[in-house]
Amino acid sequence: MLPEGPQLFARTGVLTCWWENGLCVMCRRDGVPVIWLGPVIHGARHAPFSSCEPCTGWLVRYVGGYDHDAPAEPTVYGTGELRRPTAEELGLRVVVTALTLLTAAGAAGALWLIFSGRPG
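Residue numbers for the sequence shown follow the UniProt record's numbering, beginning at 1 and rising by one.
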């Protein structure tokens, strides 16, 4: 898809790339050189996000100063230690699983006998 208007290759203090005249979404000025920075997505809808040079510079400084490498807070859901189940716990799990399967098979067999018309 080709742009509707002419594009300008510009070198600014922020970016060196292709610019075109359009609407800056941040400062809402229309007819100024803008660069497409990506889509803005909200729910199932999306719209193009274009920004002029001063607003793009502000975004670059904001993202550059954002402390995204700071350590995260500790989780409250556990201690962070991996505890493996003991042999007794594993044995109990196997026994419970086997009894559950046998009970389900017995119930299915009983229902089959009841609804098949065979005397029990």
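Every residue, glycine too, gets a C-beta built ideally from N, C-alpha and C.
Please read these numbers as outputs of a predicted model, since none were measured by experiment.
- Straight across, the Cα-Cα distance linking PRO54 with LEU82 is about 50 angstroms.
- Straight through space, the alpha carbons of ALA98 and ALA108 are spaced by roughly 15 angstroms.
- Shortest Cα-Cα distance from TRP19 to any of VAL63, MET26, GLY31 involves GLY31.
- Annotated as proximal: VAL34 and SER51, with beta-carbon spacing under 7 angstroms.
- Counting along the chain, ARG29 sits inside no alpha helix (DSSP H), nor does DSSP assign it H or E at all.
- The beta carbon of ALA110 sits closer than 7 angstroms to none of the beta carbons in its chain outside the five residues before and after it.
- Distance between GLY117 and ALA104, taken at the CA atoms: about 21 angstroms.
- Counting only residues of its own chain and dropping the five nearest sequence neighbours on each side, MET26 has a CB closer than 6 angstroms to the CB of SER51, CYS55.
- Around the beta carbon of GLY22, 16 or more other beta carbons sit within 10 angstroms, so the residue counts as buried.
- For ARG45, the enclosing beta strand (DSSP E) begins and ends at 45-52.
- The DSSP-derived three-state label of LEU37 is strand.
- In this structure, DSSP gives GLY117 a state outside helix and strand, which the three-state scheme calls coil.
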